[in-house]
Structure formats: C-alpha cells, structure tokens
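Each remark here refers to the structure printed beneath this line.
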Amino acid sequence: MRVQVRSGDTLWYYSQIFQLPLQLIVDSNPGIQAESLNVGQTIHIPGFVTSEYKVKAGDSIWKLSRDRGVPLDVILLLNQSVNPNHLTIGQRLQLPLRVTWFVVDIRKPYDYAALREDLNRLMDIYPFIAYRNIGHSVMNKPIPELRIGKGNKRVHVNGAFHANEWITTPVLIKFMNQYLLALTNNSTIRGLQMWPYYEGATLSVVPMVNPDGVDLAIHGLPSEEPYRSNVLSYNDGSTDFQGWKANINGVDLNDQFPALWEREVARNPVERGPRDYPGTAPLTEPEAISMANLVRESDFDYVLAFHTQGEEIYWGFENREPAYAETIVNEFARVSGYKPVRNVESYAGFKDWFIYEFRRPGFTIELGTGVNPLPLSQFDEIYEESLGILLASLYM
3 MRVQVRSGDT LWYYSQIFQL PLQLIVDSNP GIQAESLNVG QTIHIPGFVT
53 SEYKVKAGDS IWKLSRDRGV PLDVILLLNQ SVNPNHLTIG QRLQLPLRVT
103 WFVVDIRKPY DYAALREDLN RLMDIYPFIA YRNIGHSVMN KPIPELRIGK
153 GNKRVHVNGA FHANEWITTP VLIKFMNQYL LALTNNSTIR GLQMWPYYEG
203 ATLSVVPMVN PDGVDLAIHG LPSEEPYRSN VLSYNDGSTD FQGWKANING
253 VDLNDQFPAL WEREVARNPV ERGPRDYPGT APLTEPEAIS MANLVRESDF
303 DYVLAFHTQG EEIYWGFENR EPAYAETIVN EFARVSGYKP VRNVESYAGF
353 KDWFIYEFRR PGFTIELGTG VNPLPLSQFD EIYEESLGIL LASLYM
C-alpha cells in the first residue's frame, strides 16, 4: 500500500499507526532518507492493501474508523483530498485492509507463469523483499532470487533444479508467504516469533532453477524452434515429458557442478536426454552458471536444495563437510521425520559442489515419496515436513 507524506509525518509514526516494525517500513523504502521525508513523497507500507468504499447515509470518518477497527488518522492519511466533515453519499474512499491471508495460488501445476504471478503479488504487498534476477534460462526466462531478512547469517534455499520435481517451487513460495504474514501481523509459526529471525538471518530463495524444464514437464513441447525439435529428439520422439528432469538442452542441471564431475560422467548417459546427462563440461548451462555465480558472490553459511522424492536428507560429500553439519541435519531430521544420509554414490550436484569448494554445510532434501512428478494431493503433507526444515534453517 502507498501513502503520501504529510507535514510532520515520520516513518516511526507510520510504524505506530499501522502497528508494524519500523525496520519493515524502512526496508520497504530503500533510498528514502527516514530523517527527512518530503511532503507529497510516496511511502510503501508493507502488509496492507486498500479497498474502495462508497459512502452511505449516516457514514462518517469517525464511524468508519470505529466500525473497521482502524485508527482515524490512517483513514485521513489515505484520503487527504477528502473533507472529513462533509462526506457525501456515493463518495469514494480508500480504506486500509491488513493482509492476513495467503495471497499465493499454489494448488495447481506450478509453471513459470504461476511463479511470476505469485512473485508479483508478494513483492507488491511486501516491498521489503529484495528481488533480482540472477541470470536467464536457455530460453531466456529470468531466474529470480528473493531475499528476506537483515541478519549476518546467510542461508540459501532453492527448488526445481529438476523439471518434474516442480512441486518444490510452491513449497518454497508458500513458506515465503507464511513468513511474510507472520512478520507483518506479529504472529507466530509453530509458536515461533519470526522477527528475531528477520533480524538474525538473511534468507535467499531461488524458487525455480529450471523454468524451461518445468514448463516442458507440465505443458509438453514448446512452440519455439529449435527447442521443440531438439527436445523431441532428446526424448526419443516421445511427447510424454512426465519423466523429464533436465533443462531444455537435455542436460541435468544437478550434474553440472565441478565436484568430481568426471566421476559422474563415467556413470551417466553420454547423450542428451530426459535425465542424468552431465553435459560436455561442468557449468556449460546458463542455469547452472547462474547458480554458481550466485553462490560465489554471496558467502552463504549453508545451502538447501529441495528435490523429490524419498524423505531423505543428503548432507555429506567426500568427508569435506564440517563437523557441525551433523548437528544441523539431525535437527532437520527431528522436525521433518526424514532420514539423514551422509554419503551416496553421486557427484557433481549443487550441494556436493558447495561442500567441496567452500567446506560448509550443504543439504539435498528429498521431499515426499512415490513417482515424480509427485501429485498435488501430497502437497499438504510435504509442506508441513518442509516447514520444519525451513524454520530450522533460520535458527540453526
């Protein structure tokens, strides 16, 4: 929601009348000098939207304030051109509405367009989210990263490295929405106040690493050439892409990282296809390059890559993980019921590379059970299991 500064207004005053932490208002208005607001300046108020109201007989500003449970001056702030002593029937007013509900639409096959729509909603209501594109997919779709929080601890999570594991994306989007709701409503998640985590941790989220692949798995062949013809040949002429994990180039993005990549090459397909082809070299694909660049410039303390399926958490790589990684994974296991697995015969994955290069904790979290793509009927259960892990990632 946007308001226009009046003479004497301050961000601190706005935090009082809207009952929001001052820091959220400051963070929603980057570049604004909080000590010297200018009359007429636009200020973003997070966690609120406006609704239009038509004045009825007997209405007054004071009555609307009382009936809506809204401070009188909030209504005056939103309707500065209105004479509060002379309302007329049919006159249109803007009234504030605190957002207390989920605004994302996650109960559907969650393609790239759905992601963009939900991100636009979240960023409009919660402008303290830091948003940027970290790169582009093969088909030139921007790959968004979002950051929430101001703390020194830096945690990164991502989803949909693999195309038919797209259910991981709405899991992360719903968590972000729940976290944002708790911050702006002074409410809890599983009994935990979220404000200390906003102050203590910076959460980085790349909700969909592989947008081209996700759209392929959900919608089938793209219309654009040469992608349409190429991907059809990579899939042996079949138009069934339910089993597709790779990007649109037929390269498995989670086999693209320089962590004993040569060993992965020796055990995987030698031609492009739906899964497991590691490419001609590490970091040839733009999506993998974008993720590697993000990590190298961000100094993350640890990373979580969400995949499906198996209800397991992989947390080791070649004994290069630090000892305290075991404490973290045991807490993840406790809150989710998932099984910690230290080592598997797999190389060149995102978390493998993070451990291998930075000697910091990295985790691959396999959500749910069954055959990919997991059905949306599993979403509620998967979300509750993931919620514990995501919360723990902020306090561990």
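Counting from 3, one number per residue, gives the positions in the sequence shown under this note's numbering.
Note that the Cβ used here is the ideal one computed from N, Cα and C, for glycine as well.
**Asked** Are R192 and G390 close, meaning C-beta to C-beta below 9 Å?
**Response** yes
**Prompt:** Under the rule that 16 or more other beta-carbon atoms within 10 Å means buried, what is H46, buried or exposed?
**Reply:** buried
**Asked** What does DSSP give as the partner residues of G137 in its beta bridges?
**Response** Beta-bridge pairing links G137 to I145.
**Asked** What are the boundary residues of the alpha helix (DSSP H) that G390 is part of?
**Response** F381 to Y397
**Message:** Considering just the uninterrupted stretch of the beta strand (DSSP E) at K341, what are its terminal residues?
**Reply:** K341 to V343
**Item:** D217 to I63 span [Cα, whole Å]
**Value:** So the alpha carbons of these two residues sit roughly 50 Å apart.
**Asked** Taking the C-alpha atoms as reference points, what is the distance between R68 and S9?
**Response** Distance between the alpha carbons of R68 and S9: 25 Å.
**Request:** Look at R149 and A165 and say whether their C-beta atoms are less than 9 Å apart.
**Result:** no
**Asked** Buried or exposed: which applies to I169, given that a residue is buried once 16 or more other Cβ atoms fall within 10 Å of its Cβ?
**Response** Buried is the label assigned to I169, since at least 16 other Cβ atoms lie within 10 Å of its Cβ.
**Message:** Can you tell me where the alpha helix (DSSP H) holding Y16 begins and where it ends?
**Reply:** Where Y16 is concerned, the enclosing alpha helix (DSSP H) stretches over L13 to I19.
**Request:** Can you check the region 54–115 for any alpha helix (DSSP H) of at least 4 residues that lies completely inside it and give the ranges in chain order?
**Result:** As far as the region 54–115 is concerned, its whole alpha helix (DSSP H) runs of at least 4 residues are 63–70 and 74–80.
**Request:** Buried or exposed for T102, please, with buried defined as at least 16 other CB atoms from any protein chain shown within 10 angstroms of its CB.
**Result:** exposed
**Cβ separation of E266 and A162, assumed to be a contact under 8 Å, to the nearest whole Å** = Not really, about 20 Å apart at Cβ, beyond 8 Å.
**Message:** To the nearest angstrom, how far is the alpha carbon of V293 from that of A184?
**Reply:** Here the sequence assigns Met to residue 293, which means Val is not the residue at that position. Near 29 Å, if we compare the C-alpha coordinates of A184 and M293.
**Prompt:** Apart from the five residues just before and just after N256, which ones in its own chain have a Cβ nearer than 7 Å to its Cβ?
**Reply:** A distance below 7 Å between beta-carbons, with the five flanking residues on each side excluded, links N256 to the following residues of its chain, in chain order: F163, H164, G351 and F352.
**Prompt:** In or out: D301 buried (at least 16 other Cβ within 10 Å) or exposed?
**Reply:** exposed
**Asked** From the DSSP output, which residues share a beta bridge with R4?
**Response** In the DSSP secondary-structure assignment, R4 is bridged to H46.
**Message:** Tell me whether the region 113–124 and the region 70–90 touch, counting them as touching only if at least three CB pairs, one residue from each stretch, are closer than 8 Å.
**Reply:** no
**Message:** Would you call the region 299–317 in contact with the region 282–289, where contact means no fewer than 3 C-beta pairs closer than 8 Å?
**Reply:** no
**Message:** Just to confirm my understanding: we take P129, look at its own chain, exclude 5 residues before and 5 after, and list those with CB closer than 7 Å. What are they?
**Reply:** S30, H46 and P48
**Prompt:** Just to confirm, are E167 and H309 a CB contact at a threshold of 9 Å?
**Reply:** yes
**Asked** Of all the options E299, F243, F104 and L24, which has the alpha carbon lying nearest to the alpha carbon of L13?
**Response** L24
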